[in-house]
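Residue 264 in our numbering sits at position 251 of the sequence shown, with consecutive numbering throughout.
See structure below.
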Amino acid sequence: MHARNRATPRRPAITTRPAATTRRRFLKTVAAAAGACYAPAFVPAGVLGANAPSNRITVGLIGCGHQSQRIVPSFLVHDDVQMVAVCDVNRQGYGYYYPDQLLGRETARRWVNEHYAEKAPGGKFQGCDAYNDFRELVARRDIDAVAIVVPDHWHALVAVAAMRAGKDVYCEKPLALTIRQGRCMVEAVREHKRVFQTGAQFRSCPGVRRACELVRNGRLGEIRRVRTWVDANSFEGPGPGWKPMPVPDGFDYDFWLGPAPEAPYHVERCFHRWRYILDYSNGQTVNFGAHTNDVAQWGLGMDGTTPVEFEDMGAEFPPKGSLFTAATKTAFRARYAGGVELICETRKSSATKFEGTEGRLEVNLGGSIKSFPEHLKDSVIGADEIHLPRSNPAREENVRKHIDADHVRNFLDAVKSRQDPIEPVEVGFSTASLCLLGNMAQILKRKFTWDPVARRSPDEDVNRMLSRPMRQPWVL
Ligand SMILES: NC(=O)c1ccc[n+]([C@@H]2O[C@H](COP(=O)([O-])OP(=O)(O)OC[C@H]3O[C@@H](n4cnc5c(N)ncnc54)[C@H](O)[C@@H]3O)[C@@H](O)[C@H]2O)c1
Numbered sequence: 014m015h016a017r018n019r020a021t022p023r024r025p026a027i028t029t030r031p032a033a034t035t036r037r038r039f040l041k042t043v044a045a046a047a048g049a050c051y052a053p054a055f056v057p058a059g060v061l062g063a064n065a066p067s068n069r070i071t072v073g074l075i076g077c078g079h080q081s082q083r084i085v086p087s088f089l090v091h092d093d094v095q096m097v098a099v100c101d102v103n104r105q106g107y108g109y110y111y112p113d114q115l116l117g118r119e120t121a122r123r124w125v126n127e128h129y130a131e132k133a134p135g136g137k138f139q140g141c142d143a144y145n146d147f148r149e150l151v152a153r154r155d156i157d158a159v160a161i162v163v164p165d166h167w168h169a170l171v172a173v174a175a176m177r178a179g180k181d182v183y184c185e186k187p188l189a190l191t192i193r194q195g196r197c198m199v200e201a202v203r204e205h206k207r208v209f210q211t212g213a214q215f216r217s218c219p220g221v222r223r224a225c226e227l228v229r230n231g232r233l234g235e236i237r238r239v240r241t242w243v244d245a246n247s248f249e250g251p252g253p254g255w256k257p258m259p260v261p262d263g264f265d266y267d268f269w270l271g272p273a274p275e276a277p278y279h280v281e282r283c284f285h286r287w288r289y290i291l292d293y294s295n296g297q298t299v300n301f302g303a304h305t306n307d308v309a310q311w312g313l314g315m316d317g318t319t320p321v322e323f324e325d326m327g328a329e330f331p332p333k334g335s336l337f338t339a340a341t342k343t344a345f346r347a348r349y350a351g352g353v354e355l356i357c358e359t360r361k362s363s364a365t366k367f368e369g370t371e372g373r374l375e376v377n378l379g380g381s382i383k384s385f386p387e388h389l390k391d392s393v394i395g396a397d398e399i400h401l402p403r404s405n406p407a408r409e410e411n412v413r414k415h416i417d418a419d420h421v422r423n424f425l426d427a428v429k430s431r432q433d434p435i436e437p438v439e440v441g442f443s444t445a446s447l448c449l450l451g452n453m454a455q456i457l458k459r460k461f462t463w464d465p466v467a468r469r470s471p472d473e474d475v476n477r478m479l480s481r482p483m484r485q486p487w488v489l
């Protein structure tokens, strides 16, 4: 989605014009992903038989907005999946990224039913249920796993409820809205013995993996600095003096707000653009940082920990009174215990660049690698050197739809093997923590130190930002 976002005018008008292309776009995506070869890595061929219904992993989708257009096909392409239910507090409506997108639970239900109808002998299928309340979906005993594709202020509540109900979880990045919420998710995964995949899919990108392997195997010498870039905001949002709007029919706005503070409705608060508002998200620093800083952590071998020092480098925020409140310009510096520096800033395109004593290497989220000296990127990694896990051992090319589907495949294989997938909850948590702490430095406009083991700072203002109150009746 993000590559398309960049090519889009900054603020498309919100209209009620009917969607002409949404379904066609969607079916094209499933069909294209279906061209890929999917072999469950951990399951002996005989176990699944012909993927009889009883052998399929039953999945419920929670959150049927913009990103669901990638997640639904990435699940449906796998024949050992049966998507049996979808859930969204929006029945169906406009107001998402593109003016012609008609999204919500009825759209997602239709996609799923049409997908299975095409395979059904009579060409008919109506078996996918739709819910407004995720608690009804997770209470279903016939559902094995859920895909959580809701805004960040809901990730922890929905994920923990699902895991308590015995579901395995594929949860979109960034892992959590706060460090405390992330910790609750980590504890729930281990307490309930669930399989949890963080939806930071670039760990399933062959080019990103290769870049990290080159770094890990010392091709750049000793790493001194990593630069990470995050995209600029795609929308400006209403400025001071913005006026509330009537809540659209079929949209359960109070449920959408959930644990967040009460606030008047505006379309740009809710659909997709919530990511620019601190009550629901942490802006592009964390939204895209959950990808590019995740690559930094992987390349440096820092999974499970974070830097120990964070400092604002002049981040910028919207004028007071604007609807959007998150940073419009990301700029923070961090330092790991060993001295490696990480600088995260806004740039036109997201990427991660490792700088070492022997060379530099930049990898973007499409998996393209540039290096200086140039030959470094072609260096062969020997059999006895470090090799990082592969979601799909057969995959070499960097094709976005395959990256998403491979990341889901890796989750499905883990559901069967009961092993951790490529991006377990602790990994998603350490990357999210790095981004959240960087964002705190930007908000506080200062430098502070951080203890990644105790998860505390000597700066009490930082410690106060580790959790947020939840609006009743929501508690974690
Ligand atoms: N991995 C990626 O590259 C990538 C790309 C885009 C978005 N995302 C992530 O996907 C998630 C969703 O983002 P989006 O762009 O689709 O947002 P969106 O606003 O377009 O869609 C979110 C949907 O969730 C629904 N929702 C909100 N609260 C709900 C609840 N309690 N129960 C059920 N439904 C609820 C909303 O009504 C909306 O339809 C976010 O976590 C985002 O960071 C990931």
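All C-beta atoms in this analysis are idealised placements derived from N, C-alpha and C, irrespective of residue type, glycine included.
| Since N103 sits in a beta bridge, which residues does DSSP pair it with? | F264
| query | Under 7 Å between the Cβ atoms of P331 and T341? | reply | yes
| Count the other CB atoms within 10 Å of the CB of R477; is the residue buried (16 or more) or exposed (fewer)? | exposed
| query | Does the Cβ of T370 have 16 or more other Cβ atoms within 10 Å, making it buried, or fewer, making it exposed? | reply | exposed
| said: With three or more beta-carbon pairs closer than 8 Å as the criterion, would you say the region 183 to 190 touches the region 442 to 462? | reply: yes
| Validate contact between the region 92 to 101 and the region 71 to 78 using beta carbons, cut 8 Å, 3 pairs | yes
| In terms of residue numbering, what span does the beta strand (DSSP E) encompassing T444 cover? | Looking at the DSSP string, T444 is not in any beta strand (DSSP E); the run it does join, the alpha helix (DSSP H), is 438 to 457.
| Do E185 and ligand 1 come close, with the Cβ less than 6 Å from some heavy atom? | yes
| Would the beta-carbon of Y109 be found less than 6 Å away from any heavy atom of ligand 1? | yes
| Quick one: does the C-beta of V280 sit closer than 6 Å to a heavy atom of ligand 1? | no
| message | Within a Cβ cutoff of 6 Å, which residues of the same chain sit near D307, ignoring the five residues on either side of it in sequence? | response | A213, T444
| Does DSSP put A160 in a helix, in a strand, or in coil? | strand
| task | May I have a chain-ordered list of the alpha helix (DSSP H) segments no shorter than 4 residues that lie completely inside the region 276 to 312? | result | 280 to 283, 296 to 300
| Along the chain, where does the alpha helix (DSSP H) that runs through K256 open and close? | Segment: none, K256 is in no alpha helix (DSSP H) and carries neither H nor E.
| What do you reckon, are the CB atoms on I70 and D142 nearer than 7 Å? | no
| task | Taking only the alpha-carbon atoms, compute the straight-line gap between A454 and D93 and give it to the nearest angstrom. | result | 45 Å
| message | Using 7 Å as the threshold, is the C-beta distance between P261 and G379 below it? | response | no
| query | Of the residues D464, E398, V438, which one's Cα is nearest the Cα of A169? | reply | V438
| Alpha carbon to alpha carbon, how far is H279 from E226? | 45 Å
| query | Cα separation between V202 and G254? | reply | 44 Å
| To which residues does DSSP link Y349 through a beta bridge? | The partner list for Y349 (beta bridge, DSSP) is empty, contrary to what the question assumes.
| said: For H285, which residues in the same chain have their Cβ closer than 6 Å to its Cβ, ignoring the five residues on either side in sequence? | reply: H79, Y109, Y110
| message | Is H79 a contact residue of ligand 1, with contact defined as CB to any heavy atom under 6 Å? | response | yes
| message | Would R348 and P320 qualify as a contact pair, given that the criterion is a beta-carbon distance under 7 Å? | response | yes
| said: What I want to know is whether the C-beta of G379 ends up closer than 6 Å to one or more non-hydrogen atoms of ligand 1. | reply: no
| Simplified DSSP assignment, three categories, for C218 | coil
| query | In angstroms, rounded to a whole number, what distance separates the CA positions of R207 and G179? | reply | 7 Å
| said: Does the distance between the C-beta of C100 and the nearest non-hydrogen atom of ligand 1 fall short of 6 Å? | reply: yes
| field | Local conformation of R154 per DSSP, three classes | value | coil
| message | Check whether the region 459 to 478 and the region 332 to 339 are in contact - that is, three or more C-beta pairs closer than 8 Å. | response | no
| field | Where G250 sits in the DSSP three-state scheme | value | coil
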